[in-house]
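Asks:
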Amino acid sequence: MGAYQIVIPKQVVHELDGLKDADRSIDSRHSISRLARSAIDWCYLHFHESMPTVTGQRLHERIDKNALKDNAILDCCLYFQNVENGGNNMVVLLSNDKNLCVKALVNNVLTISYRPGMTADLIAGNVVSELNNNYNTSFSNQMSPDGRSYNNEPSVVMNNDDMEVEPAYIPENTVGPVPSRQDTSTPNSTASRCFFHETSQEIFSQVTTLALEAIKYAVESIFEDDTDMVGYDDSKMKTLLDAARCIVKMGLSTFAEFFDKRRFNPMRILQDREQMQIYVHVPKDVSSLKTFVTFWTDFLEGIYSNRGQSQKAALSQIINHWQGLINQM
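In case it helps, full-length UniProt numbering puts the sequence shown at residues 1 to 329.
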């Protein structure tokens, strides 16, 4: 029988340390610094007492020693999922960072984002259920730390991208919650504009994450260990403009096998500077957002055509999420 643990990534401890002196507040009762210090105290208590259910990431427990920030957290997840004890471990990332969850999703890491109504028991019970159902491990008599069984807890649903409490807070098979339809009877209403700008920024941010990762996959799949010979430097790929320029620069030598040029040729489209501007900046209206999503959907689906079924399914969920947001407008 296996065991479950809460693993605190080294990057998380580092970020908490940086936040403990922050002067911002979430609301009148909760300052960032106080919350960070409380989290640090919680980690210290469990590490100091050597509690078996909570551990920190050790220096050797990583795959990519150069990974930073979100990538360092994802690397920690991938280490414990694919390397620790021979791999094939179930790992669930607890995070409300949508970009990090997108990265986790395309790497087949389950995620849970907090929603109102969730409790620690609900989350733990759902993880145990997922473990029983999909990892051939029996924890049917698993007890919560206070001795209560999870079997009679309220129903929860975990998808491979998120978790929700019934009644549903999030439509099934989406990366995050699709906000309820705004009142668009007055197109220029403050609520409508706010909803659009938040949605546009969210989609842009997620597209950037996925496009940069997809380009890295494409270049490495073609050139393997010789990526530096063709002038590709992943450390310099930060923005969607970087992604677009790389697509043009690498051209047919890299991307020919991923696209039917008669149907969709991103290299040719992005060679037009005016066209490129449409696809590398946050869309300013619904029409440009639809155009933006269509282009990057075609690009991502082309790159993902050579990837595994689970990754294709993950991408499909994300694209459906974007379309769901657009349909709210």
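Note that the Cβ used here is the ideal one computed from N, Cα and C, for glycine as well.
Please read these numbers as outputs of a predicted model, since none were measured by experiment.
Between the segment 272-287 and the segment 194-208, do at least 3 Cβ pairs fall closer than 8 angstroms?
Replies: Judged by Cβ distances under 8 angstroms, the segment 272-287 makes contact with the segment 194-208, as three or more pairs qualify.
Asks: Helix or strand or just coil, what does DSSP make of His197?
Replies: In the structure shown, His197 sits in a helix (DSSP, three-state: H, G or I).
Asks: Buried or exposed: which applies to Thr119, given that a residue is buried once 16 or more other Cβ atoms fall within 10 Å of its Cβ?
Replies: Exposed.
Asks: Consult DSSP for His46 and reduce its assignment to one of helix, strand or coil.
Replies: If DSSP states are grouped into helix, strand and coil, His46 belongs with the helices.
Asks: Excluding sequence positions up to five away, which residues of its chain have a Cβ less than 8 angstroms from the Cβ of Ile40?
Replies: Once the five neighbours on either side are set aside, the close Cβ partners of Ile40 are Val13, Leu16, Asp17 and Lys20.
Asks: How do the segment 86-95 and the segment 191-198 stand: do at least 3 beta-carbon pairs fall below 8 angstroms, yes or no?
Replies: No, the segment 86-95 is not in contact with the segment 191-198.
Asks: Along the beta strand (DSSP E) that carries Ile6, what are the first and last residues, could you check?
Replies: Ile6 to Ile8 is the span of the beta strand (DSSP E), which, as asked, contains Ile6.
Asks: Taking 7 angstroms as the limit between beta carbons, can you name the residues of its chain near Arg62, skipping five residues before and five after?
Replies: Around Arg62: Asp75, Cys76 and Tyr79.
Asks: Where does His60 fall in DSSP's three states?
Replies: In this structure, His60 counts as coil in the three-state DSSP scheme.
Asks: Report the rounded CA-to-CA distance for Arg37 versus Glu213, giving the unit in angstroms.
Replies: Taking the straight line from one Cα to the other gives about 34 angstroms.
Asks: Compare the Cα-Cα distances from Asn327 to each of Val286, Ile222 and Arg34 and report the closest residue.
Replies: Answer by Cα proximity: Val286.
Asks: Note down, in chain order, each residue of its chain lying with its Cβ closer than 6 angstroms to the Cβ of Phe258, except the 5 sequence neighbours on either side.
Replies: If we look at Phe258 and ignore the five residues flanking it on each side, its Cβ neighbours are Gly302 and Ile303.
Asks: Does the segment 269-277 touch the segment 307-324, meaning 3 or more C-beta pairs lie closer than 8 angstroms?
Replies: Cβ pair count under 8 angstroms is below three, so no.
Asks: For Arg148, collect the residues of the same chain with a Cβ closer than 8 angstroms to its Cβ; drop the 5 residues on either side in sequence, then sort them by chain order.
Replies: In this predicted model, Arg148 has a pLDDT of only 38, less than 50, meaning its place in the structure is not dependable enough to derive any value.
Asks: Output the distance between the C-alpha atoms of Asn107 and Glu130, rounded to the nearest integer angstrom.
Replies: Answer to the nearest angstrom: the Cα atoms are 18 angstroms apart.
Asks: My assumption, with CB atoms under 8 angstroms, is that Val109 sits in contact with Gln81. Please give the rounded CB distance.
Replies: Their Cβ separation, rounded to whole angstroms, is 6 angstroms, which keeps Val109 and Gln81 in contact under 8 angstroms.
Asks: Got a sec? Which residues, its chain only, sit under 6 angstroms from Val83 by beta carbon, not counting five neighbours each side?
Replies: So no residue of the chain qualifies.
Asks: I'd like the list of long-range same chain contacts for Asp70, defined as Cβ closer than 6 angstroms, with 5 residues on each side in sequence excluded.
Replies: These residues qualify, in order along the chain: Leu100.
Asks: Hey, Phe299 and Ala218 are a contact pair by Cβ (cut 8 angstroms); roughly how many whole angstroms apart?
Replies: Their Cβ separation, rounded to whole angstroms, is 10 angstroms, which puts Phe299 and Ala218 out of contact at 8 angstroms.
Asks: Enumerate in chain order the residues of its own chain whose CB-to-CB distance from Ile319 is below 6 angstroms, with the five nearest sequence positions on each side excluded.
Replies: Taken in chain order, the residues that qualify are Thr297.
Asks: Would you tell me roughly how many angstroms separate the C-alpha atoms of Glu274 and Asp23, rounded to the nearest one?
Replies: If you take the alpha carbons of Glu274 and Asp23, they lie about 42 angstroms apart.
Asks: Going straight from the alpha carbon of Ala313 to that of Ser33, what length do you get?
Replies: Distance between the alpha carbons of Ala313 and Ser33 is about 39 angstroms.
Asks: Going by beta-carbon coordinates alone, are Thr208 and Thr239 separated by less than 9 angstroms?
Replies: Going by C-beta atoms, Thr208 is nearer than 9 angstroms to Thr239.
Asks: Counting only the same chain and skipping the five closest in sequence on each side, list residues whose C-beta sits under 7 angstroms from that of Ser288.
Replies: Closer than 7 angstroms at Cβ, skipping near neighbours: Ile278.
Asks: Restricting to runs no shorter than 4 residues, where is the alpha helix (DSSP H) found entirely within the UniProt domain "Transcriptional protein SWT1 C-terminal" (203-322)?
Replies: Counting whole runs of 4 or more residues, the UniProt domain "Transcriptional protein SWT1 C-terminal" (203-322) contains the alpha helix (DSSP H) stretches 240-255, 266-271, 273-280 and 286-304.
Asks: Helix, strand or coil for Ser31? Go by DSSP, reduced to three states.
Replies: Residue state, collapsed to three classes: strand.
Asks: What span of residues does the alpha helix (DSSP H) with Val109 cover, start to end?
Replies: Unbroken run through Val109: none, as it is neither H nor E.
Asks: With which residues is Thr55 paired in a DSSP beta bridge?
Replies: Looking at the DSSP assignment, Thr55 forms a beta bridge with Val7.
Asks: Helix, strand or coil for Leu105, going by three-state DSSP, please let me know.
Replies: Note: Leu105 maps to helix in three-state DSSP.
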